[in-house]
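Have a look at the structure below, then the notes.
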Amino acid sequence: MEFHTGRLIDHVHIKAGDLEASRRFYRAVAEALGLPVTLEGEGYIGLDELYVSGTADGPLTQGLHLAFQASDRETVERFHAAAIAAGGRDNGGPGERSYHPGYYAAFVLDPDGNNIEAVYHGPSNRSADSVVITPA
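Numbering (this note's numbering), first residue to last: 3 to 138.
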């Protein structure tokens, strides 16, 4: 079986009730996952395809489930610990799930109650670490 990532979603925009709490949370999550903060300015923070801003231009995002890719089980565990330490609330500690064999994940609620997950699907071969886009 073959599946693709990196071609369906351009970006996800979360509108946070307490932007500073969300900055702390998402910075910690990015560091635990080994991801850079790619955008940051007054009123927003970005991690590649994820953009988080305050609610000045619209309603609070609630009820979102967002799953980050993790490179191994240890990264899932670091994600969970860092997210909790940065103000997240446990929503399912690191462990194997029944979704499919090898599905190892942890779930944390972000400062606004969105369900944020880190998942490792088990050993696999990737054609590339990421899709690199350079404007023409």
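The C-beta atom is built at its ideal place from N, Cα and C for all residues, glycine as well.
Flag this pair as yes or no: are the beta carbons of residue i and residue j separated by less than 9 Å?
i: GLY95; j: ALA108; result: yes
i: GLY45; j: LEU21; result: yes
i: GLY8; j: VAL110; result: no
Does residue i come out as helix, strand or coil in the three-state DSSP assignment?
i: ILE135; result: coil
i: HIS67; result: strand
i: TYR101; result: coil
i: SER24; result: helix
i: ILE11; result: coil
Assuming residue i and residue j form a contact by the criterion Cβ under 8 Å, report the distance between their Cβ atoms to the nearest whole angstrom.
i: ALA85; j: VAL31; result: 5 Å
i: TYR122; j: VAL78; result: 5 Å
i: THR57; j: ASP50; result: Incorrect: roughly 22 Å between the Cβ atoms, too far for contact.
Tell me, please, which residues DSSP counts as bridged to residue i.
i: PHE109; result: GLU119
So does the stretch 97-115 actually touch the stretch 9-29, counting three or more Cβ pairs closer than 8 Å? Contact holds: three or more Cβ-Cβ distances are below 8 Å.
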